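Participant: Plus 1 on top of the position in the sequence shown (first one is 1) and you've got my numbering.
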Amino acid sequence: MKNLFLILFVLISSISIGQNNLDINRKYVSIKSLKNSKNINLKNAIYLESDTLVVEKSIPMGEFEVDFGDFDPEFIEHYKDAVFGNKETRRKNFKLSHVKLWTSDIKVYFDKSVDKKTKKELSSFFNEISKNSNSLKISVVSKLELSNYLIYYINSKKDKEHPNIIQQKPITYNLLHSNNKFYSGVLRLNTLSFFSFNDQINSLKVQFFKSLGQFWLINNVPCESILADCYSPTKRLTDLDFNILNFHYKNVYDSDVTIFNYERLIEKYSLLKKEHPTQTKFIID
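Rendered as structure tokens:
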């Protein structure tokens, strides 16, 4: 039983260890996943009854290993608005937004309250995201217990809300996370608040896409964009939407990232990139 709890802890999180007065953030993996490697370092390994966990990498706490690739300043402003809210929002909100993302595949279950036409439209939408995403995969499953994301409708005043839904909006979602990594989601639409199927579908697409990073809607972009903060009857996934999504999933952080340390990371990354133009990945404190 002790081994079971240890395995679960290691697999879902990194381990922080005090060593020579320096906090080390170690990422562990199963030695079985490295069976084809010639050199396996067993220093600081964890020996279990049926497996051995070895250190994949060690990064001092407070440092970030990042790969932003090539980007332009205008895109970075759009990205910051999508992740942290626009400048006005950031100025007014005391509670800062953090970079959050899914680190596991998203498995969607449609409740029986959702009609077949909607299921077909959204399934196609999910496929388009998966096809154009570098790391995020979304699929539809046939059983609730196999899912980590539920979509359901309120079709009458007698229908009950999911316990994780607390906002009485026409459409809303709620996500559960651990250390800024999402592991469960619920998306609910109240059909009584919509007058057309097209508006329902557009709203579902927008809210689902937002839930991939707890994104904000952004200004000064074409209204057809999923993340645009303006109405369009023809919402669709644009290059900007995919660029923001893929940029968001380019790095997975083990520490909290707010607008303040994000801007510092971008600034330092840009300086290091000028000094080392052929290098893309840097460790920044």
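Cβ coordinates follow ideal geometry from the N, Cα and C atoms, glycine included. These figures come from a predicted structure and were not determined experimentally.
DSSP state of S157, grouped into three classes?
Facilitator: Taking the first residue of the sequence shown as 1, we reach residue 157 at position 156. Correct three-state label for S157: coil.
Participant: Please state the DSSP three-state secondary structure of V253.
Facilitator: On the sequence shown, residue 253 is found 252 positions in, with the first residue counted as 1. Three-state result, V253: coil.
Participant: Could you tell me the alpha carbon to alpha carbon distance between F198 and K118, rounded to whole angstroms?
Facilitator: Translated into positions along the sequence shown, residue 198 becomes position 197. Translated into positions along the sequence shown, residue 118 becomes position 117. The alpha-carbon atoms of F198 and K118 are separated by roughly 9 Å.
Participant: Could you tell me which residues DSSP puts in a beta bridge with T1?
Facilitator: Nothing about residue 1 can be reported from this structure: the residues present for the chain run from 2 to 286 only.
Participant: Return the residue from the list P223, I107, S256 and E276 that minimises the CA-CA distance to D242.
Facilitator: Translated into positions along the sequence shown, residue 242 becomes position 241. Among P223, I107, S256 and E276, the Cα nearest to that of D242 is on P223.
Participant: Between the segment 103-122 and the segment 261-275, do at least 3 Cβ pairs fall closer than 8 Å?
Facilitator: Short answer: they don't touch.
Participant: With a 10 Å radius around its C-beta and 16 neighbouring C-beta atoms as the bar for buried, classify Y270 as buried or exposed.
Facilitator: Numbered from 1 along the sequence shown, position 269 holds the residue referred to as residue 270. Buried.
Participant: Looking at the strands, I want to know which residues DSSP matches up with V142.
Facilitator: As a first step, residue 142 is located in the sequence shown; it is residue number 141 there, counting from the start. Bridge partners of V142: none, in fact.
Participant: Starting from Y270, trace the alpha helix (DSSP H) both ways and give me its first and last residue.
Facilitator: Taking the first residue of the sequence shown as position 1, residue 270 is located at position 269. Counting along the chain, the alpha helix (DSSP H) containing Y270 begins and ends at I260 to E276.
Participant: Among K132, N156 and I245, which one has its Cα closest to the Cα of V100?
Facilitator: What you label residue 100 is simply residue 99 of the sequence shown in a count that begins at 1. Closest by alpha carbon: I245.
Participant: Q169: which of T90, I155 and V84 sits nearest, CA to CA?
Facilitator: The residue given as residue 169 occupies position 168 in the sequence shown. Checked all of T90, I155 and V84; the closest Cα to Q169 is I155.
Participant: If the criterion is Cβ atoms closer than 7 Å, does the pair R189 and Y150 meet it?
Facilitator: In the sequence shown, residue 189 corresponds to position 188, counting from 1. In the sequence shown, residue 150 corresponds to position 149, counting from 1. No, the Cβ-Cβ distance between R189 and Y150 is not below 7 Å.
Participant: Going by the DSSP bridge assignment, what does H178 pair with across the sheet?
Facilitator: One-based indexing of the sequence shown puts residue 178 at position 177. H178 is bridged to F183.
Participant: Round the Cβ separation of L238 and I227 to the nearest angstrom and send it over; I've been treating them as touching at under 8 Å.
Facilitator: By 1-based counting over the sequence shown, the position of residue 238 is 237. By 1-based counting over the sequence shown, the position of residue 227 is 226. At roughly 6 Å, the Cβ-Cβ gap stays under 8 Å, so L238 and I227 are in contact.
Participant: Return the bridge partner residues of I219 from the DSSP annotation.
Facilitator: On the sequence shown, residue 219 is found 218 positions in, with the first residue counted as 1. A229.
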